[in-house]
Amino acid sequence: MVCRQGFENDPVEIMRHSCAHIMADAVTKLFPEAKPTIGPVIEDGFFYDFDYSKGFTPEDLEAIEVEMKKIIKSNAKFESMEMPRDEAIKFFKDRGDPYKVEIIESLPDVGTMTLYKHGDFTDLCKGPHVNYTKKIKAYKLLSVAGAYWRGDEKNAMLQRIYGTAFTTKEELAEHLEKLEEAKKRDHRRIGKDLDLFSINEAIGGGLALWHPKGARMRDIIETFWKKEHFKAGYELLYTPHIGKAHLWETSGHLGFYNENMYAPMEIDNMEYYLKPMNCPFHIMVYKAHQHSYRELPCRWAEMGTVYRYERSGVLHGLMRVRGFTQDDAHIICTKEQMDDEISRVLKFSLNMLRSFGFESFELFLSTKPEEKYVGEPEDWKKAEEALKRALENEGVAYEVDEGGGAFYGPKIDIKIEDAIGRKWQCSTIQFDFNLPERFDLTYVGADGSKHRPYMVHRALLGSLERFFGILVEHYAGHFPMWLAPIQATVLSLSEEQHEYAQEIYQQLKEKDYRVTLDVRHEKIGLKIREAQLQKIPFMIVLGKKELEQKTISLRHRNDDLGSMSFDDMLVLFEKSLEQKTFSKDSIKQAS
RNA sequence: GCCGACCUAGCUCAGCUGGCAGAGCAACUGACUUGUAAUCAGUAGGUCAUCGGUUCGAUUCCGAUGGUCGGCUCCA
78 MVCRQGFEND
88 PVEIMRHSCA
98 HIMADAVTKL
108 FPEAKPTIGP
118 VIEDGFFYDF
128 DYSKGFTPED
138 LEAIEVEMKK
148 IIKSNAKFES
158 MEMPRDEAIK
168 FFKDRGDPYK
178 VEIIESLPDV
188 GTMTLYKHGD
198 FTDLCKGPHV
208 NYTKKIKAYK
218 LLSVAGAYWR
228 GDEKNAMLQR
238 IYGTAFTTKE
248 ELAEHLEKLE
258 EAKKRDHRRI
268 GKDLDLFSIN
278 EAIGGGLALW
288 HPKGARMRDI
298 IETFWKKEHF
308 KAGYELLYTP
318 HIGKAHLWET
328 SGHLGFYNEN
338 MYAPMEIDNM
348 EYYLKPMNCP
358 FHIMVYKAHQ
368 HSYRELPCRW
378 AEMGTVYRYE
388 RSGVLHGLMR
398 VRGFTQDDAH
408 IICTKEQMDD
418 EISRVLKFSL
428 NMLRSFGFES
438 FELFLSTKPE
448 EKYVGEPEDW
458 KKAEEALKRA
468 LENEGVAYEV
478 DEGGGAFYGP
488 KIDIKIEDAI
498 GRKWQCSTIQ
508 FDFNLPERFD
518 LTYVGADGSK
528 HRPYMVHRAL
538 LGSLERFFGI
548 LVEHYAGHFP
558 MWLAPIQATV
568 LSLSEEQHEY
578 AQEIYQQLKE
588 KDYRVTLDVR
598 HEKIGLKIRE
608 AQLQKIPFMI
618 VLGKKELEQK
628 TISLRHRNDD
638 LGSMSFDDML
648 VLFEKSLEQK
658 TFSKDSIKQA
668 S
């Protein structure tokens with residue numbers, strides 16, 4: 078078994094790893110043709126890959142679980158043993174385990190190999206393990222999936238069984254509940270329930286339709302985004318969706334991004350491509366005239382809709398689509414301005430994300446690849462230092478991904494953590510040493526000669542579609558008032574209050590609240606239930622009493638706030654609008 | 001794209017080994033004038049994803065195609 082590095086000290090991971098061995102034991106007992114390959118520990122569990130052409134069914138998983146139970150009950154001892162390399166190869170060859178042989182052969186020859194044995198099952202593994210199988214108290218097999226041998230699609234497709242294990246039954250139950258919770262929050266489910274968006278196969282996979290309520294939310298997001306960008310010194314651009322082949326040749330996309338681009342269309346004997354990125358267009362705006370150093374920096378932003386060919390199997394709701402809108406921007410600046418610009422953009426990114434209710438982040442700095450890169454190493458170094466300084470000035474923790482940058486420049490990526498602890502990559506701030514060169518971007522410096530500007534490419538929300546999906550899952554559809562497509566609904570008890578309800582509704586409309594009116598001849602319980610299911614933050618209930626006293630009765634999600642004056646309600650609304658974040662607890666309660 | 005599972009009414013799902021297609025909710029119609037999560041009754045709604053095969057007969061069995069879902073690879 079190839080082990081994950083660095084888990085040697087974590088008792089839970091050791092236990093999960095042992096559980097993977099027990100599973101492999103059970104599988105090979107029940108399905109002798111299945112050849113074990115590798116089975117590492119992963120976040121929240123483990124998997125083990127088998128070469129087994131028939132594939133495992135859900136019933137097989139149950140049978141494997143039962144067999145595992147027997148093995149655990151037998152309380153076999155985990156024992157390690159050293160074996161000379163040749164002998165180990167022979168051992169696995171004799172057993173008919175070609176994958177283990179391949180693993181050993183791919184490992185550096187240090188003379189001996191470590192094997193672990195429990196009962197009559199022996200596996201290549203450097204350990205460590207729990208001492209007895211009975212130490213495994215709470216486990217569950219979750220799913221089967223195909224996976225390529227060594228993660229390479231040119232290799233054979235193996236059968237991967239995912240499982241999880243915890244120290245106690247309670248922890249396992251909690252984890253399974255969390256998986257259920259994630260299912261409940263699925264933006265595809267909520268998107269349908271709340272009528273926010275759809276993806277229609279008649280149109281095509283990965284091409285989203287924004288329904289009125291989803292579109293309203295998108296408009297709120299875009300409007301806020303634009304306002305913040307103007308405040309931060311950006312200008313807006315609008316650029317076309319297609320461009321000539323020559324443009325994409327110059328940018329290099331036809332060379333290195335071709336497989337993600339849609340086939341060209343021919344117009345007047347000229348090939349045009351649908352844009353997979355906005356950069357060349359922004360560059361052409363720059364090249365529309367000459368620039369003095371006095372005009373820099375240019376900060377140009379665009380909600381740019383791009384189209385990328387994604388393989389059918391990877392499409393996923395709004396999270397992974399074929400047509401999406403990037404909240405893109407390009408900063409073109411002088412060497413001297415670079416430091417300040419990077420600091421500003423990082424600060425701006427974090428604030429933007431905070432505005433949408435995200436409070437914890439993971440930041441990554443990716444540096445120059447060893448071999449494939451463009452530009453001068455010296456420029457790379459300066460850029461990396463600028464990124465690093467910005468991160469340090471911001472006082473945020475970050476990880477360095479040495480050599481993980483794109484070939485055209487180093488970058489900072491920001492991941493956000495959602496209400497149930499999942500991480501999503503949104504913002505990316507990337508230097509580009511490639512395009513300014515390819516398009517020969519220049520500015521005239523104080524010395525009267527031409528200089529090459531720096532270019533930084535950045536997206537904060539990433540893709541609007543994806544970010545919207547993340548918001549849906551983060552809030553589980555219980556959007557804070559400023560984002561909610563419908564903020565309040567006016568509910569009448571009987572026909573007597575229709576006029577009054579109409580009046581309240583109109584007044585709120587005039588104050589720009591997003592409000593609906595429900596004067597159907599239905600019971601109040603039904604109206605409340607429907608508003609509740611639509612996750613409308615406020616319900617304004619009007620009956621005989623309210624009409625007589627000229628008050629309203631307010632319900633906020635699950636809480637009956639009692640009766641109050643219209644003006645008091647407005648104060649409450651104002652306060653609610655300011656609250657752009659939900660504390661984690663209130664989100665959990667809400668869902 | 002690859003591996004596997006799935007596709008039945010607008011939605012969620014029943015339909016055992018082949019014999020005229022079902023429920024709940026939603027929709028529509030009518031009655032009920034209603035106080036904080038579902039009032040009652042009735043009506044309508046389906047080429048069982050598509051195409052082909054096996055069969056006296058296919059929603060059911062087999063094959064192909066399309067799509068969805070879970071993964072892999074990739075990624076905003």
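If you use my numbering, the first sequence corresponds to residues 78 to 668, in order. Cβ coordinates follow ideal geometry from the N, Cα and C atoms, glycine included. Since the structure is predicted, the reported quantities are computational estimates derived from the model, not experimental observations.
DSSP, read as helix, strand or coil, puts R529 in coil.
Residue range 541-552 is occupied by the alpha helix (DSSP H) that includes V549. DSSP lists W287 as the beta-bridge partner residues of F274. By the Cβ rule, the stretch 354-364 does not count as touching the stretch 417-426, because fewer than three pairs are nearer than 8 angstroms. For K212, there is no enclosing alpha helix (DSSP H), as DSSP marks it with neither H nor E. In this structure the stretch 331-342 does not touch the stretch 284-299; the number of beta carbon pairs closer than 8 angstroms is below three. The Cβ atoms of L423 and A467 sit closer than 7 angstroms to each other.
A buried status is given to S540, since no fewer than 16 other beta-carbon atoms sit within 10 Å of its beta-carbon.
The straight-line gap separating the alpha-carbon atoms of M646 and N277 is approximately 41 angstroms. Per DSSP, the continuous alpha helix (DSSP H) segment holding C356 begins and ends at 356-363. CA-CA distance, R499 to K600, rounds to 40 angstroms. In the structure shown, V143 falls within a helical segment according to DSSP collapsed to helix, strand and coil.
Burial is judged here by how many other beta carbons sit within 10 angstroms of a residue's own beta carbon; N208 has fewer than 16 and is exposed. Taking C-beta atoms as the reference points, A259 and G196 fail to come closer than 7 angstroms.
The beta carbon of T628 sits closer than 7 angstroms to those of S640, M641, S642, all from its chain and outside the five residues before and after it, given in chain order. Assignment of beta-bridge partners to G639 by DSSP yields L631.
Within the stretch 176-203, the complete beta strand (DSSP E) segments at least 3 residues long are 189-195, 198-201, listed from N- to C-terminus. Positions of the beta strand (DSSP E) runs, each at least 3 residues long and wholly inside the stretch 433-502, are given as 438-443, 475-478, 488-494 in order along the chain. Contact annotation: D595 and T566 have beta-carbon atoms nearer than 7 angstroms. Along the length of the stretch 102-130, whole beta strand (DSSP E) runs at least 3 residues long occupy 122-128, reported in chain order.
Counting only the Cα atoms, V178 lies some 52 angstroms from H318.
For the pair D186 and I360, the Cα-to-Cα distance works out to about 53 angstroms.
With respect to V398, A224 sits apart: the two C-beta atoms are not nearer than 7 angstroms. For E312, the three-state secondary structure derived from DSSP is strand. A direct Cα-Cα distance of roughly 16 angstroms separates K212 from G122. Assigned with DSSP and collapsed to three states, S504 falls in strand. Counting the other CB atoms within 10 Å of its CB gives Q564 a total of 16 or more, which places it among the buried residues.
Taking 7 angstroms as the cut-off, the Cβ atoms of G486 and D509 count as close. E576 has its alpha-carbon roughly 11 angstroms from the corresponding atom of G620. Non-local C-beta neighbours of E461 in its own chain, meaning closer than 6 angstroms and more than five positions away in sequence, comprise T444, P487, ordered along the chain.
Cβ neighbours of H534 within its own chain (closer than 7 angstroms, five residues either side excluded): C356, H407, Q507, D509.
Under the DSSP assignment, E348 falls in the beta strand (DSSP E) whose first and last residues are 347-351.
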